[in-house]
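What follows is one structure encoded as structure tokens, with my remarks underneath.
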Amino acid sequence: MKFGCLYRWRLSASALFTFLLIGGVAFARAQQPSTSAQLPVSIGDIRISHFASFRTNLRQLRNFVVSGKNIVVATTDPNRPLRFYLVVNGVVGHAVGPKGNEVEAELEGPIQFRVVRKVGQELRTLEGTAGHARYNEQTQRLLLTDGVAAKLFDPSRLEGPATVHVDGAVVATDKSGRLQLSGHAATDSLTFVPKMATPKGGAHPRHRLGTVQVTGFTRGDVDLPHAVQLSGSPVQVAFDDVVTKAKGILSADLLEAYFAQNHLEEIAGQGDVRFHGTEPDAQNRLIILDGRADRAHYEATHSLVSLENVEGTLQIPQKLQGPAHIQVARLVAQLGRATTYLFYGKAGRDSLIFSPQPSALPVTQGEQARPISLGTVEVSGFEQGEFVPGKRFHLEGKGLTIQTSEPQTGFESRIESQQIEGVLSPTNEVVRMATQGEVQCRFARPYRPIGNASNPPQPSDGKEVVEAKAASLVYTNTAQTSEVVLQGPTQITAQSPALAGPVRYLGAQGDTVAWNLRSDDLVIASPQGTARLEAVVPPPANPKLEKARGRKP
Numbered sequence: 000m001k002f003g004c005l006y007r008w009r010l011s012a013s014a015l016f017t018f019l020l021i022g023g024v025a026f027a028r029a030q031q032p033s034t035s036a037q038l039p040v041s042i043g044d045i046r047i048s049h050f051a052s053f054r055t056n057l058r059q060l061r062n063f064v065v066s067g068k069n070i071v072v073a074t075t076d077p078n079r080p081l082r083f084y085l086v087v088n089g090v091v092g093h094a095v096g097p098k099g100n101e102v103e104a105e106l107e108g109p110i111q112f113r114v115v116r117k118v119g120q121e122l123r124t125l126e127g128t129a130g131h132a133r134y135n136e137q138t139q140r141l142l143l144t145d146g147v148a149a150k151l152f153d154p155s156r157l158e159g160p161a162t163v164h165v166d167g168a169v170v171a172t173d174k175s176g177r178l179q180l181s182g183h184a185a186t187d188s189l190t191f192v193p194k195m196a197t198p199k200g201g202a203h204p205r206h207r208l209g210t211v212q213v214t215g216f217t218r219g220d221v222d223l224p225h226a227v228q229l230s231g232s233p234v235q236v237a238f239d240d241v242v243t244k245a246k247g248i249l250s251a252d253l254l255e256a257y258f259a260q261n262h263l264e265e266i267a268g269q270g271d272v273r274f275h276g277t278e279p280d281a282q283n284r285l286i287i288l289d290g291r292a293d294r295a296h297y298e299a300t301h302s303l304v305s306l307e308n309v310e311g312t313l314q315i316p317q318k319l320q321g322p323a324h325i326q327v328a329r330l331v332a333q334l335g336r337a338t339t340y341l342f343y344g345k346a347g348r349d350s351l352i353f354s355p356q357p358s359a360l361p362v363t364q365g366e367q368a369r370p371i372s373l374g375t376v377e378v379s380g381f382e383q384g385e386f387v388p389g390k391r392f393h394l395e396g397k398g399l400t401i402q403t404s405e406p407q408t409g410f411e412s413r414i415e416s417q418q419i420e421g422v423l424s425p426t427n428e429v430v431r432m433a434t435q436g437e438v439q440c441r442f443a444r445p446y447r448p449i450g451n452a453s454n455p456p457q458p459s460d461g462k463e464v465v466e467a468k469a470a471s472l473v474y475t476n477t478a479q480t481s482e483v484v485l486q487g488p489t490q491i492t493a494q495s496p497a498l499a500g501p502v503r504y505l506g507a508q509g510d511t512v513a514w515n516l517r518s519d520d521l522v523i524a525s526p527q528g529t530a531r532l533e534a535v536v537p538p539p540a541n542p543k544l545e546k547a548r549g550r551k552p
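Start counting the sequence shown at 0; every next residue gets the next number (numbering that gives the first Met the number 0).
Here you go:
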């Protein structure tokens with residue numbers, strides 16, 4: 000430990016005389032204007048200048064008191080990778096270390112600080128104010144406390160400065176250059192605009208983050224150019240997208256951001272993650288995704304947001320009747336002007352429930368009719384799936400099941416297959432649905448007796464039920480047709496109160512059967528004549544016999 004060129008561990012007589020002649024003037028005349036601004040004092044690895052008085056003891060040079068206004072405390076080595084420059088109103092030095100040969104300096108506030116780190120040709124700068132500071136020569140740590148307000152400049156990774164408001168900060172002045180933040184969740188904040196990767200080939204970006212604001216953290220570790228870690232109970236991050244105009248709020252117990260060489264690479268959150276995101280559609284109506292998850296991950300390069308063990312809702316105006324309910328093992332949103340949702344399921348977390356908006360067409364329009372409404376759709380047993388609102392869906396899973404229920408008409412359906420894909424109308428009605436591989440299905444609806452077709456069905460009238468197994472199924476539901484086509488080999492059983500018994504159909508490979516859901520027409524195609532249809536049709540009603548039995552014909 001040394002006192003620059005003025006004070007040394009073992010003072011020679013000439014050095015002592017010089018010290019008394021030059022430096023002693025400031026000690027004896029503390030109340031008079033000081034000329035020490037031209038004569039800084041080097042103490043270990045810091046230099047103190049612009050002081051009014053400097054007091055110490057020749058036997059304990061490692062203890063000192065410096066007073067004045069706008070005292071400058073700075074690093075001594077101009078080649079140091081991280082240098083600091085502080086303006087303070089007082090300094091008190093204490094001897095520390097096992098041998099008392101190190102110095103810890105207490106810096107009185109208010110304090111202005113500037114810390115610069117140079118790595119290669121890059122400069123990162125932290126500057127601002129604090130109420131109090133402490134510097135330890137042994138640990139090379141600068142502790143800032145009592146309300147820290149700062150700006151962090153990193154031109155390679157940030158668009159403009161990041162703003163920091165915390166109760167305290169520890170700046171490592173060694174090669175690591177780490178910045179540790181601490182304080183109160185109610186007042187701490189970090190705001191920045193990250194630089195994003197440029198798409199390859201000069202393409203327009205699918206999305207680009209604007210301002211990111213982080214609040215609610217109590218501890219933080221800033222290790223630029225690599226990562227930022229923030230923890231609290233919970234940490235909350237709010238962000239917006241300057242391309243899609245989407246906005247989001249994410250909270251988690253631990254939040255981490257990772258940077259590549261010159262752009263943001265990913266953000267991860269874990270521990271009771273809560274999310275709320277909005278995105279305007281083409282008519283500026285908000286799509287809302289809301290819920291909770293165990294973990295969240297944002298991958299900036301590929302514009303992906305991934306959530307694990309998700310329970311939430313998805314609201315799509317004019318496309319869904321109320322929110323869709325989501326319970327999945329993993330949800331991936333491909334961000335862009337038309338967001339695509341990917342779902343991954345496992346036992347207990349493989350459920351989607353939603354109700355498409357009915358078509359806006361009138362019941363009849365010339366020879367056309369509006370598509371049949373399936374009502375509420377429940378999807379379960381999937382392992383993975385894709386959903387593009389208003390366009391298409393694709394689902395896979397060994398236990399994959401789609402069930403529908405329409406309370407107004409009483410129509411119900413259940414389809415089981417390992418792969419199902421479909422086309423959606425702009426209002427998310429199923430326009431076309433096809434299975435890949437063997438399918439089992441069941442369709443049911445209330446029975447309407449002939450002659451009472453215009454009256455609401457009664458529970459006492461019973462149900463019409465169709466159950467089938469087939470090699471594949473194609474369901475078409477448009478203004479022109481609404482039908483189910485089954486490809487053989489096929490087994491079908493149909494029951495209706497209008498029949499004396501069940502109808503059974505067997506079709507071989509190559510046979511098809513098409514069932515029109517509007518007219519109940521059944522069209523069987525069997526090129527090889529292998530299809531079989533068995534039905535028991537009741538005889539025509541005899542009015543006289545029915546009257547004799549006391550029944551109304």
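Idealized CB from N, CA, C, for every residue including glycine. In this text, all values refer to a predicted model and were calculated from it rather than measured experimentally.
- Every unbroken stretch of the beta strand (DSSP E) spanning 3 or more residues and falling wholly within the region 447 to 535 is given here in chain order: 462 to 469, 471 to 476, 481 to 486, 489 to 494, 502 to 506, 511 to 515, 521 to 524 and 531 to 533.
- Rounded to whole angstroms, the gap between the alpha carbons of Leu189 and Tyr297 is 18 angstroms.
- Comparing alpha-carbon positions, the option among Gln314, Ala328 and Asn78 lying closest to Pro322 turns out to be Gln314.
- Contact between Glu385 and Leu341 holds, since their C-beta atoms are separated by about 5 angstroms, short of 8 angstroms.
- Residue pairing from DSSP places Ala295 in a beta bridge opposite Gly268 and Leu306.
- In the structure shown, Lys244 falls within a coil segment according to DSSP collapsed to helix, strand and coil.
- The beta carbon of Arg207 lies closer than 6 angstroms to those of Met195, Val241 and Val242 in the same chain, with the five residues before and after it left out.
- Across the structure, Val71 and Arg329 are spaced so that their CA atoms are roughly 55 angstroms apart.
- Note on Asn515: under 16 other CB atoms within 10 angstroms of its CB, so exposed under the neighbour-count rule.
- Linking Gly127 to Ala149 through their CA atoms gives a straight-line distance of about 4 angstroms.
- Annotation for Val40: the continuous beta strand (DSSP E) segment containing it runs Val40 to Ile42.
- Residue burial is scored here from C-beta neighbours: Val378 has at least 16 other C-beta atoms within 10 angstroms and is therefore classed as buried.
- In the three-state DSSP reduction, Lys345 falls in the strand class (E or B).
- At a Cβ-Cβ threshold of 7 angstroms, Leu303 and Val331 count as neighbours.
- For Glu463, the closest alpha carbon among the candidates Ser471, Leu485 and Ala497 is that of Ala497.
- Taking every protein chain shown into account, the CB of Val65 has 16 or more other CB atoms within 10 angstroms, so this residue is buried.
- The beta carbon of Ala534 lies closer than 6 angstroms to those of Val502 in the same chain, with the five residues before and after it left out.
- A distance of 7 angstroms or more separates the beta carbons of Gln320 and Ser350.
- Leu57 counts as exposed, since fewer than 16 other beta carbons sit within 10 angstroms of its beta carbon.
- Just so you know, the alpha carbons of Gln282 and Thr138 end up roughly 59 angstroms apart.
- Nearest Cα to Glu105 within the set Leu122, Leu85 and Val114: Leu85.
- Taking the Cβ atoms as the reference, Leu178 lies roughly 4 angstroms from Val221, within the contact range of under 8 angstroms.
- Going by DSSP, Gly421 is part of the beta strand (DSSP E) stretching over Gln418 to Leu423.
- With respect to Leu263, Pro193 sits close: the two C-beta atoms are nearer than 7 angstroms.
- Under the three-state reduction of DSSP, Lys199 is assigned to helix.
- Counting only residues of its own chain and dropping the five nearest sequence neighbours on each side, Thr144 has a CB closer than 6 angstroms to the CB of His131 and Gly167.
- Residue range Thr400 to Ser404 is occupied by the beta strand (DSSP E) that includes Thr400.
- A distance below 6 angstroms between beta-carbons, with the five flanking residues on each side excluded, links Leu532 to the following residues of its chain, in chain order: Tyr504.
- In its chain, beyond the 5 residues on either side, Asp289, Gly290, Pro322, Ala323, His324 and Ile325 have a beta carbon closer than 7 angstroms to the beta carbon of Thr312.
- DSSP assignment within the region 81 to 129 yields the following whole beta strand (DSSP E) runs of 3 residues or more, N-terminal first: 81 to 95 and 101 to 118.
- Asn261 and Pro77 have their C-alpha atoms roughly 27 angstroms apart.
- Residue pairing from DSSP places Ile352 in a beta bridge opposite His324 and Glu377.
- In the three-state reduction of the DSSP assignment, Glu411 falls in the strand class.
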